[in-house]
Amino acid sequence: MIYFLAVIAAIAGLLFGYDEGIIAVARPLLEVDMPLSPAVAGFMTAAVPLGALAGAIVAGRLTERFGRRLVLMMAAALFAIGAAAAASIGHVMELVAARLVLGFAIGIAAVVAPLYIAEAAPLRIRGALVSTYQLAITFGIVASYLMGLALTGPGMWRDMFALGGVPGVVFLIGLFFLPESPRWLMRRGREAEARASLVRLRGDGADVDAELAEIAAAARTSDRPPAFAALFAPEVKPALIVGMGLFFLQQLSGINAVIYYAPEIFAHAGFGSAQTQVLATIGIGIVNFLVTILALGLIDRWGRRKLLVFGFVGTAVTLLVIALAVKLPDLVPSWVVILALALYIASFAISLGPLPHVMMSEVFPLRVRGPGMSMASVSNWGFNFVVVFAFPLLLNTIGLAATFSLFGVICLGGVIFTMRQVPETNGLSLEAIERHLENGRPLGELRPGTASATT
Ligand code: BGC
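The working numbering runs 259 ahead of the 1-based position in the sequence shown.
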């Protein structure tokens, strides 16, 4: 049951990736039917991150009140409605509205889906299961790029948008068959339902008593109402810093500059033909997807901290190599740029891609988990928006080498941030992480087996 739950909840990730990627390939066809001014085109592209920002803000409160499953059902319905609306528009402003709705649904689901998986997962495989969400994002990006290759006829941008509705409907149907999160039920005082849900999740004959007792104990200490102000309480703030900080670093690593503008980057690095640029872009999407699969196997084995340091060092070095290659084209052969870009994506996918999603679902105490994940997600979408908008400007002013150097230096900052602030949550129950925080111990010192983790 838990695998089924993870797969269904991860459909939200697929929609996230698909709607992020599809606009890049749909826009040329759309412009044939409806010419767009640069401002309108920009606004239409930005409508998804903007809607997602709004969705992320309300998601925490909605899910504390109505539960994980019901809120995801609402998001699923919005996905289907938004896709149908985008496919049948008559005017470009209607498309902006439809993409705002889609973004809103993505923003809600991007908070609630990882939360739902983390709260339902057995701790042994929690990291891997939450990472299926990131895998689904990368799959969605590749799927959208491939749609761009397959659907090239006039007006086919409508088919591209409509296809986004199919996973939305599957998502909605799948959710009907899933139980509510046992942790949310317990928090609402619905103990019998929490037990029934846990029994369904762990399978027939599983002994759920110990796990249920631990969940109940954490729920009892979390009777204060969840308010955004509670996130700034001294014992919760370190979790907020980790949740928001990791997404800040994820976005400022420049990932979406590469995902959204890969063809331009290849052009700047001296690759002229459009064909090479498109193929290289798809190649990047595929590397991102395949290496994320590898990450799934490593997250619960290597642990979070080691993988993060590995990823930040990898992205920093590759970004600086690309900067150097662009600055000194006579000294560094151009294939180095392609190789370094592939290694950059691989370093991201093995670590900076999945881990912020995993860790934001782990570090917040239950009573503020919803609002806390909302804030982490706001950091994700807010900085996504900033990077995607600033990148073309930076290219035109300081140039590619300086921009990539900037991203590289920020990744080096990520190494220091990880060593100082990020706990090792691998192998710890969500309740053990919570006890450590509530005891007022520095979060960055949390390791499996430390005294505060087990008392
Ligand atoms: C990020 C997205 C990014 C994607 C790329 C996600 O974790 O939040 O902004 O586009 O990874 O795989």
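Ideal Cβ positions, reconstructed from N, Cα and C, are used throughout, including at glycine.
Just so we're clear, the structure is a prediction, and the values are computed from it rather than from any experiment.
Item to check | Reference L614; option with closest CA among V425, A635, I558 | outcome: For the purposes of this step, residue 614 is taken as residue 355 along the sequence shown, with counting starting at 1. Ranked by Cα distance from L614, the first of V425, A635, I558 is I558.
Checklist entry - Helix or strand or just coil, what does DSSP make of N515? => result On the sequence shown, residue 515 is found 256 positions in, with the first residue counted as 1. Of the three classes helix, strand and coil, the one that applies to N515 here is helix, per DSSP.
Checklist entry - Can you list the alpha helix (DSSP H) stretches of 4 or more residues lying completely in the stretch 437-496, in chain order? => result Restricted to the stretch 437-496, the alpha helix (DSSP H) segments that are unbroken, complete and at least 4 residues in length are 441-446, 450-461, 468-479, listed in chain order.
Item to check | Collapsed DSSP secondary structure at G341 in the structure displayed | outcome: Sequence index remark: in the sequence shown, residue 341 carries index 82 (1-based). Under the three-state reduction of DSSP, G341 is assigned to helix.
Checklist entry - Rounded to whole angstroms, how far is the Cβ of T391 from the Cβ of V266, which I believe are closer than 8 Å? => result Stepping through the sequence shown from its first residue, residue 391 is reached at position 132. Stepping through the sequence shown from its first residue, residue 266 is reached at position 7. Confirmed, about 7 Å.
Next on the checklist: Quick check on the DSSP output: the alpha helix (DSSP H) that includes N698 runs from which residue to which?
Outcome noted: As a working note, residue 698 is residue 439 in the sequence shown. It is not in any alpha helix (DSSP H) - N698 carries neither H nor E in the DSSP assignment.
Item to check | For V674, three-class secondary structure by DSSP | outcome: In the sequence shown, residue 674 corresponds to position 415, counting from 1. Collapsing the DSSP output to three states places V674 in a helix.
Checklist entry - At what residues does the alpha helix (DSSP H) containing D418 begin and finish? => result The residue given as residue 418 occupies position 159 in the sequence shown. Looking at the DSSP string, the run of the alpha helix (DSSP H) that includes D418 is 416-422.
Item to check | Same chain, Cβ closer than 6 Å to I669, neighbours up to 5 away in sequence not counted | outcome: As a working mapping, residue 669 is identified with position 410 in the sequence shown. L511.
Checklist entry - Taking the alpha-carbon positions, what's the L553 to G570 distance? => result Your numbering for residue 553 matches position 294 in the sequence shown. Your numbering for residue 570 matches position 311 in the sequence shown. Each residue's Cα considered, the two are about 13 Å apart.
Item to check | Proximity test, Cβ basis, 8 Å: L549 and chain D | outcome: Checking the listed chains, one finds no chain D in this structure; it contains a single protein chain.
Item to check | Range of the contiguous alpha helix (DSSP H) that encloses P308 | outcome: If you number the sequence shown from 1, residue 308 lands on position 49. First-last of the alpha helix (DSSP H) with P308: 297-325.
Checklist entry - DSSP state of A528, grouped into three classes? => result Your numbering for residue 528 matches position 269 in the sequence shown. Coil, per DSSP.
Checklist entry - DSSP state of M260, grouped into three classes? => result Walking along the sequence shown from the start, residue 260 turns up at place 1. It is coil, neither helix nor strand.
Checklist entry - Going by C-alpha distance, which of A343, S456, L273 is nearest V467? => result Numbered from 1 along the sequence shown, position 208 holds the residue referred to as residue 467. The shortest C-alpha separation from V467 is found at S456.
Checklist entry - With DSSP run on the structure shown, which of helix, strand or coil describes G427? => result Position 168 of the sequence shown holds residue 427. Helix at G427.
Checklist entry - Going by beta carbon distance, what residues of the same chain come within less than 7 Å of P707, once the five residues before and after it are set aside? => result On the sequence shown, residue 707 is found 448 positions in, with the first residue counted as 1. Excluding residues within five positions, the ones whose Cβ falls inside 7 Å are E683, N685, G686, L687.
Next on the checklist: Following a CB-centred definition, is I400 positioned closer than 7 Å to any heavy atom of ligand 1?
Outcome noted: For the purposes of this step, residue 400 is taken as the residue at position 141 of the sequence shown. Because some heavy atom of ligand 1 lies under 7 Å away, the Cβ of I400 counts as near it: yes.
Next on the checklist: Using CA atoms only, rank isn't needed, just tell me which of V307, V389, G424 is closest to S347.
Outcome noted: As a position in the sequence shown, residue 347 is number 88, starting the count at 1. Minimum Cα distance to S347 is reached at G424.
Checklist entry - Measuring CB to CB, does R446 end up less than 8 Å from A478? => result For the purposes of this step, residue 446 is taken as the residue at position 187 of the sequence shown. For the purposes of this step, residue 478 is taken as the residue at position 219 of the sequence shown. Yes; because the gap between Cβ atoms is below 8 Å, this pair is in contact.
Item to check | F623 - containing alpha helix (DSSP H), residue span | outcome: Residue numbering aside, residue 623 sits at position 364 when the sequence shown is read from its first letter. Taken as a continuous stretch (DSSP letters only), F623 belongs to no alpha helix (DSSP H), as it is neither H nor E.
Checklist entry - The alpha helix (DSSP H) spanning M352 covers which residue range? => result To locate residue 352, count along the sequence shown from 1; it is residue 93. Where M352 is concerned, the enclosing alpha helix (DSSP H) stretches over 351-379.
Item to check | Where P522 falls: helix, strand or coil (DSSP) | outcome: On the sequence shown, position 263 is the one that residue 522 refers to. DSSP places P522 in helix when its eight states are reduced to three.
Item to check | Contacting residues, own chain, Cβ-Cβ under 6 Å from L388 (five flanking each side not counted) | outcome: Looking up residue 388 in the sequence shown gives position 129. Around L388: A265, I376, A380.
Item to check | Cβ-based burial, V291 [other Cβ within 10 Å; buried from 16] | outcome: Numbered from its first residue, the sequence shown carries residue 291 at position 32. Result: exposed.
Item to check | Reduced DSSP secondary structure (H/G/I, E/B, other) of T551 | outcome: For the purposes of this step, residue 551 is taken as the residue at position 292 of the sequence shown. Looking at T551 - three-state DSSP - the assignment turns out to be helix.
Item to check | Distance between V576 and V401 (C-alpha atoms, nearest Å) | outcome: Numbered from 1 along the sequence shown, position 142 holds the residue referred to as residue 401. Numbered from 1 along the sequence shown, position 317 holds the residue referred to as residue 576. Rounded to whole angstroms, the separation of the alpha carbons of V576 and V401 is 25 Å.
Checklist entry - Near N547, which residues of its chain fall below 6 Å by C-beta distance, leaving aside the five closest residues on each side in sequence? => result To locate residue 547, count along the sequence shown from 1; it is residue 288. The answer, listed in chain order, is T397, I604, A608.
Next on the checklist: At a cut-off of 7 Å, would you count H616 as near ligand 1, judging by its Cβ distance to the nearest heavy atom?
Outcome noted: Along the sequence shown, read from residue 1 onward, the residue named residue 616 stands at position 357. The answer is yes for H616.
Checklist entry - Roughly how many whole angstroms lie between the Cα atoms of A339 and L361? => result On the sequence shown, position 80 is the one that residue 339 refers to. On the sequence shown, position 102 is the one that residue 361 refers to. If I take the Cα positions, the gap works out to 9 Å.
Next on the checklist: By the DSSP assignment, the alpha helix (DSSP H) with G386 in it spans what residues?
Outcome noted: Walking along the sequence shown from the start, residue 386 turns up at place 127. 385-409 is the span of the alpha helix (DSSP H), which, as asked, contains G386.
Checklist entry - Can I270 and F525 be called in contact, C-beta distance under 8 Å? => result The residue you call residue 270 lines up with position 11 of the sequence shown. The residue you call residue 525 lines up with position 266 of the sequence shown. Taking 8 Å as the Cβ cut-off, I270 and F525 do not qualify as a contacting pair.
Checklist entry - Hey, how far is the Cα of V681 from the Cα of F506? => result Position 422 of the sequence shown, counted from the start, is the residue given in the question as residue 681. Position 247 of the sequence shown, counted from the start, is the residue given in the question as residue 506. Approximately 13 Å between the Cα atoms of the pair.
Checklist entry - Are the stretch 642-655 and the stretch 592-604 in contact at 8 Å, needing three or more beta carbon pairs? => result Fewer than three pairs of CB atoms, one per stretch, sit closer than 8 Å, so the stretch 642-655 makes no contact with the stretch 592-604.
Next on the checklist: Rounding to the nearest angstrom, what Cα-Cα distance links I316 and Q509 in this structure?
Outcome noted: In the sequence shown, residue 316 corresponds to position 57, counting from 1. In the sequence shown, residue 509 corresponds to position 250, counting from 1. Near 19 Å, if we compare the C-alpha coordinates of Q509 and I316.
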